[in-house]
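Protein chains in written order, with the numbering used here: chain R, 427 to 707; chain F, 4 to 439.
Notes follow once the structure below has been shown.
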Amino acid sequence: MRRADSSPVGIRVLQYVALAAFIVFLAFPLLWLLSTALKTPRELALTDPTWIPDNPTLANFSDAFGEQDLVGAAARSLVVALFSSVITVLVSLPAAYAMARYRSLVNRVAIGWVLVSQVFPFILIIIPLFMILRDIGLINTLPGLVAVHVTFTLPFALWMLQGYVRAVPRELEEAAAVDGATRLRSIASVVAPLLMPGVVATLLFAFISSWNEFMFALVILQDPGVMTLPLTLVRFTGPEGVARLGPLAAASLMATIPSLIFFAIIQRRLKSGLMAGAVKG
Amino acid sequence: MRIKSALAAAAIVALAAACGSGGGGGDSSSSSGNEPVKLDFLSLAWQKESVAANKQIVDEWNKANPNIQVTYVQGSWDNVNDQLVTQFAGGTAPDVIHNDSPALAGFASDGYLLDLKDKLPAELKSDIPQAAWDTVTFDDGKGAQGVYGVPFLQESQVIIANKKLLDASGVRVPTPDQPWTWDEFSAAAKKMTKGGTYGVAWAMKSPVNKTLNLALNFGGTFFQTSGGKTTVKVGPEEREVLQRIHDQLYKDKSADPGALGQGTADPLPAFYDGKFAMLPAGVYLRQQVAEQAPEGFEWVTLPGPTGTSAQQGAVSQTLSISQDSEHVDEAMKFIAFFLNGANQAKLAKGDWLLPTSQKAADDPAMTTKENGWDVATASAKNLVVAPFLKVKGFDEWKTKVATPVLQQYFGNKITIDDAAAKLVEDGNEVLERYQR
């Protein structure tokens, strides 16, 4: 096997250039957000925008934090996203295992139904959903929003996870059974470690979906004391797309921090999962 | 592992706390005995000064009225109607609702808004001119007319001009008493077009309201009702403003076609750079110019041009009461306080719009020359109810027919005859469905 280190210097340089370009591409929105957040209104209106503000100011941050309860809203968003993602994974994991391992007509219908549910326009069910939540006392509550987020993330999470389960060779479980392991034991000791990257990826998907979700939060949460971050950010925009760019950028930048921290914590698991188990390369 | 445990513990504590504080949905309707009445007030203020003014007025009310406590809830113009549709259907709408008059017609005919006709305090009613009340008077869905909001802020079209380029052109500077005619406006734009500078920039990303409001300059209404049936009409009166804008773009070449696809505020950077001399825009755009214009950049507010009259179509920002509110009288009292003359002046100043209150219009802050307030406030006398405001199906006509047709026409892709034919034929098909 050729080692990467043995590549010709020219190829290595090209690889690094491509890598740097990709990182710049990924980082561009964040850097632009930072640059915008530090600009004065006058600088924001220049025809030739600058990368580095001429007169950097923190006024946008003080306006954003002074006018809106960003910290409280971020805390509530974090709670909702954590609960939504964890519950989604806990519910979808056993279902995904069953869908992947027990092949029957019911399973095929279930998978088809999961896919069909993804093309359903959610806006059509907002009013009935709202009434159901109202009748069971979950309007204007974070558990109500968590329930909705879990419900709507579940089909795709299920689809994702059953793909990961399928990728784990059935022979490993059979080998464990030959060694005397029960099904539960083989799932816990053999399948689960190999599924970790899939679980983490699903967790991230569910977390981001919930963290960014706006429409359901808009109609379910009415009390200022329970509103999540997307509802707070939109307060910096006016009619016809006009926005207070400086404070909006400052608030949006702060809004990315919790999810960045969450990613930083969890991405190690994503890597370690890839290296674990019997199928590492 | 410890991090996971800590996160889980923090989340459980936070969710539990949130659950404890989150059940506010029914609070506003749960007053009894000595408990104060609680009202939810959905506000759409978004400018810094406007939000501050809203909060200040609510605080003043709450201090003065311990038995009627108002909770300030901030919403957003972009999605307020989606939010309200759901909340109205679910019976959990706020007691007092900030919106604009075009949105009220549908909610009123669906029975979601309270008819305020017999509830308005005399002082509030007389302080606001009938032309403004006309913008909130709609069919109740059963054939009767009702008043479904209190109008409080309006927008007129003015011209924001680069003073240096205006002075250099040597044209007569228009005043509220002697505004430009459209011919003078076009001539001025031509004079200011030189050396890479266009005389005017028409930002027409959303062209319908702007052109329909200005069309009233020549009596263009775009809709006619006969025998109870409303149809689209594009005759000579309606074509006048359309043709004049088109001429500036392609005949006089005094307007930059590159600005056509822009939103209202988008041409501002080029305006500060001297690439455009004049921007026809709503009065609220002055706020951004005052805040963003570079040091030394001088600008003036000019009245909008006149045709056979100076009339412009107006819509209003409004405060309404939900039909489901259990505290209608208290909500009305709050609205009457919130929209008294002094408070309307604060709100208008915060949003850089025009107050409907005649007392507010006399406030020195509304008539100062600074930032063109004198010109803006004077333009209010030309506002009449926008003819499209009461046309059922207008929103669909606007989105599906008028916006693309006007964009094509201003983009010089179709002739005015083609545009007129499409506006009428496609438009009538849309309106037909709303009148069955």
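Every residue, glycine too, gets a C-beta built ideally from N, C-alpha and C.
For clarity, every value in this text was computed on a predicted model and none was experimentally measured.
Contact under 7 Å by Cβ, residue i with residue j
i: Pro272 (chain F); j: Thr473 (chain R); result: yes
i: Thr138 (chain F); j: Ser189 (chain F); result: no
i: Ala499 (chain R); j: Met653 (chain R); result: yes
i: Val303 (chain F); j: Ala206 (chain F); result: no
i: Ala632 (chain R); j: Leu584 (chain R); result: no
i: Ala56 (chain F); j: Leu350 (chain F); result: yes
i: Gln314 (chain F); j: Asn385 (chain F); result: yes
i: Val153 (chain F); j: Thr140 (chain F); result: no
i: Ala280 (chain F); j: Pro270 (chain F); result: no
i: Asn566 (chain R); j: Gln648 (chain R); result: yes
i: Arg560 (chain R); j: Gly93 (chain F); result: yes
i: Asn37 (chain F); j: Thr321 (chain F); result: no
i: Thr200 (chain F); j: Lys278 (chain F); result: yes
i: Gln86 (chain F); j: Ser46 (chain F); result: no
i: Pro179 (chain F); j: Ala381 (chain F); result: yes
i: Ser635 (chain R); j: Leu587 (chain R); result: no
Burial state of residue i (16 or more Cβ within 10 Å)
i: Gln160 (chain F); result: buried
i: Tyr528 (chain R); result: exposed
i: Trp80 (chain F); result: buried
i: Gly146 (chain F); result: exposed
i: Leu440 (chain R); result: exposed
i: Gly114 (chain F); result: exposed
i: Arg592 (chain R); result: exposed
i: Trp49 (chain F); result: buried
i: Tyr287 (chain F); result: buried
i: Ala447 (chain R); result: exposed
i: Gly707 (chain R); result: The predicted position of Gly707 (chain R) is uncertain, since its pLDDT is 43 and thus under 50; no value can be drawn from it.
i: Pro308 (chain F); result: buried
Residue range of the alpha helix (DSSP H) that includes residue i
i: Pro554 (chain R); result: 552-561
i: Asp142 (chain F); result: No alpha helix (DSSP H) contains Asp142 (chain F), which is instead part of the beta strand (DSSP E) from 140-142.
i: Pro467 (chain R); result: 467-470
i: Gln181 (chain F); result: It is not in any alpha helix (DSSP H) - Gln181 (chain F) carries neither H nor E in the DSSP assignment.
i: Thr462 (chain R); result: 435-463
i: Ser129 (chain F); result: 125-130
i: Lys213 (chain F); result: 210-218
i: Val427 (chain F); result: 419-437
i: Ile338 (chain F); result: 331-341
Distance between residue j and residue i (C-alpha atoms, nearest Å)
i: Gln291 (chain F); j: Val73 (chain F); result: 31 Å
i: Pro673 (chain R); j: Ser543 (chain R); result: 38 Å
i: Thr210 (chain F); j: Thr196 (chain F); result: The sequence given here places Pro at residue 210 (chain F); Thr does not occur at that position. Cα to Cα, the separation comes out at about 23 Å.
i: Gly430 (chain F); j: Lys120 (chain F); result: 33 Å
i: Lys193 (chain F); j: Ser257 (chain F); result: 5 Å
i: Asp420 (chain F); j: Lys236 (chain F); result: 13 Å
i: Ser35 (chain F); j: Glu329 (chain F); result: The predicted model places Ser35 (chain F) with a pLDDT of 49, which falls under 50 and marks its position as unreliable; any figure quoted below should be read in that light. Going by the C-alpha atoms only, they are around 12 Å apart.
i: Leu459 (chain R); j: Ala676 (chain R); result: 7 Å
i: Asp1 (chain F); j: Val83 (chain F); result: Any property of residue 1 (chain F) remains undetermined from this structure, which presents chain F solely from 4 to 439.
i: Pro69 (chain F); j: Trp637 (chain R); result: 38 Å
i: Ile338 (chain F); j: Val99 (chain F); result: 8 Å
i: Pro545 (chain R); j: Pro581 (chain R); result: The sequence shown places Val at residue 545 (chain R), not Pro. One C-alpha to the other measures close to 11 Å.
i: Val176 (chain F); j: Pro306 (chain F); result: 10 Å
i: Asp276 (chain F); j: Phe662 (chain R); result: 26 Å
i: Phe644 (chain R); j: Leu657 (chain R); result: Checking the sequence, you will find Leu at residue 644 (chain R) rather than Phe. So the alpha carbons of these two residues sit roughly 7 Å apart.
i: Ser612 (chain R); j: Glu599 (chain R); result: 6 Å
i: Leu107 (chain F); j: Leu245 (chain F); result: 28 Å
i: Gly344 (chain F); j: Ala363 (chain F); result: 4 Å
i: Leu117 (chain F); j: Gln251 (chain F); result: 46 Å
i: Pro665 (chain R); j: Ala614 (chain R); result: 54 Å
Bounding residues of the beta strand (DSSP E) (the contiguous stretch that carries residue i)
i: Asn346 (chain F); result: Here Asn346 (chain F) belongs to no beta strand (DSSP E); instead the alpha helix (DSSP H) covers 344-354.
i: Phe509 (chain R); result: Taken as a continuous stretch (DSSP letters only), Phe509 (chain R) belongs to no beta strand (DSSP E), being part of the alpha helix (DSSP H) at 496-527.
i: Ala48 (chain F); result: Ala48 (chain F) -> no beta strand (DSSP E), and no H or E assigned at all.
i: Met281 (chain F); result: 279-285
i: Gln160 (chain F); result: 160-165
i: Gln157 (chain F); result: 153-157
i: Pro306 (chain F); result: 302-306
i: Ile478 (chain R); result: Unbroken run through Ile478 (chain R): none, as it is neither H nor E.
i: Asn102 (chain F); result: 99-103
i: Ala317 (chain F); result: 315-317
i: Phe453 (chain F); result: Limits of chain F in this structure are 4 at one end and 439 at the other, which puts residue 453 (chain F) out of reach.
heavy atom of the ligand SAM below 6 Å from residue i C-beta
i: Pro179 (chain F); result: Within the structure as shown, the ligand SAM is missing, as the structure has no ligands at all.
Whole beta strand (DSSP E) runs in the stretch 362-405 of chain F with 3 or more residues, listed along the chain? 386-388
Unbroken alpha helix (DSSP H) runs of length 4 or more, entirely within the stretch 576-653 of chain R: which are they? 596-604, 609-612, 618-638, 641-646
As an exercise, report each continuous beta strand (DSSP E) stretch of at least 3 residues that is fully enclosed by the stretch 246-282 of chain F, in chain order. none
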